[in-house]
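Visitor: Before anything else, here's the structure in question.
Number of protein chains: 2
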Amino acid sequence: MSSVPGWANVNERRNLPPALAVSTVILGIREGQDGGPDKLCLPLVRRIREPHQGLWALPGGPVDAQESLGQAAGRNLAETTGLRPNYLEQLYTFGDIDRSPTHRLVTIAYFALLNANQVGTTVQDDNVAWFDIDDPAIAQLAFDHRKIVDYALWRLRNKTEYGQIAHRLLGERFTLAALRGVYEAILGRRLDPANFRRTLKNTATIEATDEYLAGGQHRPPRLYRYVGHGPDPLEVDPTQA
Amino acid sequence: MSSVPGWANVNERRNLPPALAVSTVILGIREGQDGGPDKLCLPLVRRIREPHQGLWALPGGPVDAQESLGQAAGRNLAETTGLRPNYLEQLYTFGDIDRSPTHRLVTIAYFALLNANQVGTTVQDDNVAWFDIDDPAIAQLAFDHRKIVDYALWRLRNKTEYGQIAHRLLGERFTLAALRGVYEAILGRRLDPANFRRTLKNTATIEATDEYLAGGQHRPPRLYRYVGHGPDPLEVDPTQA
DNA sequence: GAGACTTAATGTCAGAATGACTCTAACGAA
DNA sequence: TTCGTTAGAGTCATTCTGACATTAAGTCTC
């Protein structure tokens with residue numbers, strides 16, 4: 040008998056199909072300290088059983104028979120982290136034979152984005168914690184999850200469309216400076232504010248509102264809004280999940 | 040008992056994990072007739088059992104316990120079509136609950152490119168045939184395979200890197216005109232020969248050789264070669280498959 | 001209240017990239 | 001030898017891009 044329902048233990052694995060799981064790389068933005076640049080960060084869960092007990096890992100779990108893959112990803116990350124991201128995209132499916140030491144495991148990796156509010160309000164306990172993506176403590180993760188995180192970052196950096204990512208990592212309305220901070224965090228380098236503004240004005244998917252962000256210490260910036268939809272035909276609708 | 044090893048029939052499905060399969064969209068280039076443009080084409084196999092018996096479908100099959108996903112894709116397409124592509128890339132994993140009428144089926148779709156020689160020499164019989172991608176006969180395919188084909192075409196059109204696709208769909212050496220034909224087939228529009236030449240010369244991954252293609256009816260074109268490697272960190276090495 | 005300071009937003013300018021087009025070179029066919 | 005066709009190089013105007021300057025509009029300090 041296997042200790043995980045639906046999963047075969049090491050002695051049965053040759054005679055059964057691979058076990059199916061989903062894992063999600065959840066990325067959010069955290070404002071920089073002391074005027075430093077914003078940082079990308081992600082929540083991880085601690086493994087509470089073998090294999091890799093005690094190591095940090097991506098939130099995830101098995102796929103139920105009654106749910107689609109995207110629904111499985113949404114449900115698993117809600118159960119393990121309490122988060123409900125508003126963007127979910129399938130990343131890649133990892134299925135090397137030896138990626139788990141105890142059983143043959145095929146993992147469909149997803150990639151989620153959280154806005155700033157969601158990052159702040161998340162519960163943290165001994166088994167769930169947030170890390171900056173360059174934190175040395177997560178240089179190694181359980182299974183091949185470090186490779187999955189790296190691939191998610193690569194995908195994010197190679198996303199062409201500006202607005203798409205923008206309103207997912209920020210709120211419904213946002214300033215151009217905040218958006219620039221997001222892109223600087225993703226790309227890891229400074230961007231010229233004037234040129235950034237110019238290219239975004241040519242982007243049809245971002246639109247100025249009549250509102251300004253008051254309460255700052257300097258000239259109030261105008262708020263912008265995302266309109267339209269990206270070109271990827273297979274984006275998951277997380278409202279179904 | 041299920042008629043397919045490792046797969047549950049409809050009565051057992053609620054109690055077992057989803058069945059895992061791989062399917063591959065194999066794309067090749069066919070030279071245009073009567074001076075017309077080149078065309079993208081793909082081989083399909085006829086379903087010889089239910090569900091969807093008689094319909095055309097992507098080549099594929101189950102994932103064995105002893106092979107990686109890429110290996111499963113390479114093995115299945117070799118068994119069903121006799122083809123051994125030199126490029127294989129994971130596309131997307133399809134896992135909607137009702138995508139197969141008889142059992143819960145999760146399919147990891149792959150995307151392969153063949154060069155012109157391989158397209159010509161393929162065996163065709165009643166159950167394997169090549170179709171142009173705009174052939175009305177394949178407007179409908181078994182399962183959700185039409186959606187998978189459309190997504191493969193979308194991915195191909197959105198590939199940025201020129202040389203990568205080039206030497207996979209053509210041979211080791213190729214003329215710039217042949218490469219332009221490939222891109223015109225992919226993008227579905229004519230490209231200016233002079234400008235195409237210029238942009239390719241600025242592409243570091245394509246290099247001129249000292250050889251020329253003799254035997255044509257006009258001035259012999261120079262042969263070029265692909266050098267270097269694209270940026271995608273998760274490309275499958277098909278030599279392992 | 002008068003500056004100084006900081007950020008918002010616009011403008012300028014040179015170099016690179018792009019699209020449309022012209023011109024010459026090199027082959028086979030007539 | 002001439003012609004037709006493709007190979008390949010070059011031209012020019014437009015657009016895009018990065019670097020930088022300038023003005024606008026708030027808060028903070030004295």
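Protein chains in written order, with my numbering: chain A, 40 to 280; chain B, 40 to 280.
Quick reminder that beta carbons are idealized off the backbone N, C-alpha and C, glycines included.
Bear in mind the structure is a predicted one, so any value in this text is a computation, not a measurement.
Leaving out the 5 sequence neighbours to the left and right, which residues in its chain are closer than 8 Å to Thr-248/A when beta-carbon positions are compared?
Guide: Closer than 8 Å at the Cβ level, and outside the excluded window around Thr-248/A, lie Arg-212, Arg-261, Leu-262, Tyr-263 and Arg-264.
Visitor: Helix, strand or coil for Pro-101/B? Go by DSSP, reduced to three states.
Guide: Strand at Pro-101/B.
Visitor: Phe-133/B bridges to which residues according to DSSP?
Guide: Phe-133/B is bridged to Thr-146/B.
Visitor: Note down, in chain order, all residues in the stretch 134 to 150 of chain B with a beta-carbon under 7 Å from any beta-carbon belonging to chain A.
Guide: Listed by position, the residues of the stretch 134 to 150 of chain B near chain A (Cβ gap below 7 Å) are Gly-134, Asp-135, Ile-136, Arg-143, Val-145 and Ile-147.
Visitor: Mapping DSSP to helix, strand and coil, what is Asp-271/B?
Guide: Residue placement at Asp-271/B is poorly supported in this model, since its pLDDT is 49, which falls under 50; the coordinates still yield a value, given next. If DSSP states are grouped into helix, strand and coil, Asp-271/B belongs with coil.
Visitor: Give the residues of chain A in contact with Thr-120/B, contact being defined as C-beta atoms less than 8 Å apart.
Guide: Going along chain A, no residue has its Cβ under 8 Å from Thr-120/B, so there is no contact; the nearest lies around 22 Å.
Visitor: Taking only beta-carbon positions, decide if Glu-106/B is within less than 9 Å of chain A.
Guide: By this cut-off, Glu-106/B is an interface position.
Visitor: What three-state label does DSSP hand Leu-127/A in the structure shown?
Guide: Here Leu-127/A sits in strand by DSSP.
Visitor: Could you list which residues in chain B have their beta carbon closer than 7 Å to that of Thr-132/A, in chain order?
Guide: Within chain B, the residues near Thr-132/A are Leu-108, Gln-129, Thr-132 and Ile-147.
Visitor: Taking the continuous alpha helix (DSSP H) assigned at Leu-116/A, which residues delimit it?
Guide: It spans 108 to 120 - the alpha helix (DSSP H) in which Leu-116/A sits, taken as one unbroken run.
Visitor: Whose C-alpha, out of Cys-80/A, Pro-76/A, Ile-68/A and Gln-72/A, is nearest the C-alpha of Ala-176/A?
Guide: Minimum Cα distance to Ala-176/A is reached at Cys-80/A.
Visitor: Under a three-way DSSP split, which group does Thr-248/A fall into?
Guide: Residue state, collapsed to three classes: strand.
Visitor: With 16 as the cutoff for other CB atoms within 10 Å, does Thr-120/A come out buried or exposed?
Guide: Under this definition Thr-120/A is a buried residue.
Visitor: Does the stretch 229 to 236 of chain B come close enough to the stretch 166 to 180 of chain B that 3 or more CB-CB pairs lie under 8 Å?
Guide: Verdict: no, contact absent.
Visitor: Considering Cα atoms alone, identify which of Gly-100/A, Tyr-222/A and Arg-85/A is closest to Asn-197/A.
Guide: With distances taken between Cα atoms, Asn-197/A lies closest to Tyr-222/A.
Visitor: Are the stretch 86 to 106 of chain B and the stretch 234 to 246 of chain B in contact at 8 Å, needing three or more beta carbon pairs?
Guide: No, they do not touch.
Visitor: In the DSSP assignment, find the unbroken beta strand (DSSP E) run with Arg-212/B in it and report its ends.
Guide: It spans 212 to 214 - the beta strand (DSSP E) in which Arg-212/B sits, taken as one unbroken run.
Visitor: Please report how far the alpha carbon of Ile-225/A lies from the alpha carbon of Arg-138/B, in whole angstroms.
Guide: For Ile-225/A and Arg-138/B, the distance between alpha carbons rounds to 36 Å.
Visitor: Is there a Cβ from chain A that is less than 9 Å from the Cβ of Ala-96/B?
Guide: Not an interface residue.
Visitor: Could you tell me the alpha carbon to alpha carbon distance between Tyr-251/B and Val-266/B, rounded to whole angstroms?
Guide: Their Cα atoms are separated by approximately 18 Å.
Visitor: Expressed to the nearest angstrom, what Euclidean distance is found between the alpha-carbon atoms of Phe-182/B and Leu-97/B?
Guide: Going by the C-alpha atoms only, they are around 10 Å apart.
Visitor: At which residues does the beta strand (DSSP E) containing Thr-238/B begin and terminate?
Guide: Thr-238/B -> not in any beta strand (DSSP E); alpha helix (DSSP H) instead, spanning 232 to 241.
Visitor: Based on Cα-Cα distance, which residue from Gln-203/A, Thr-214/A, Pro-140/A and Arg-219/A lies nearest to Asn-125/A?
Guide: Of Gln-203/A, Thr-214/A, Pro-140/A and Arg-219/A, the residue nearest in Cα terms is Gln-203/A.
Visitor: At the level of alpha carbons, what is the spacing between Lys-186/B and Ile-245/A?
Guide: Looking at the two C-alpha atoms, the distance is approximately 30 Å.
Visitor: Measure from the C-beta of Trp-46/A to each C-beta in chain B and report whether the shortest distance is under 9 Å.
Guide: Any reading at Trp-46/A is ruled out, since the residue's pLDDT is 45, under 50, leaving its predicted position unreliable.
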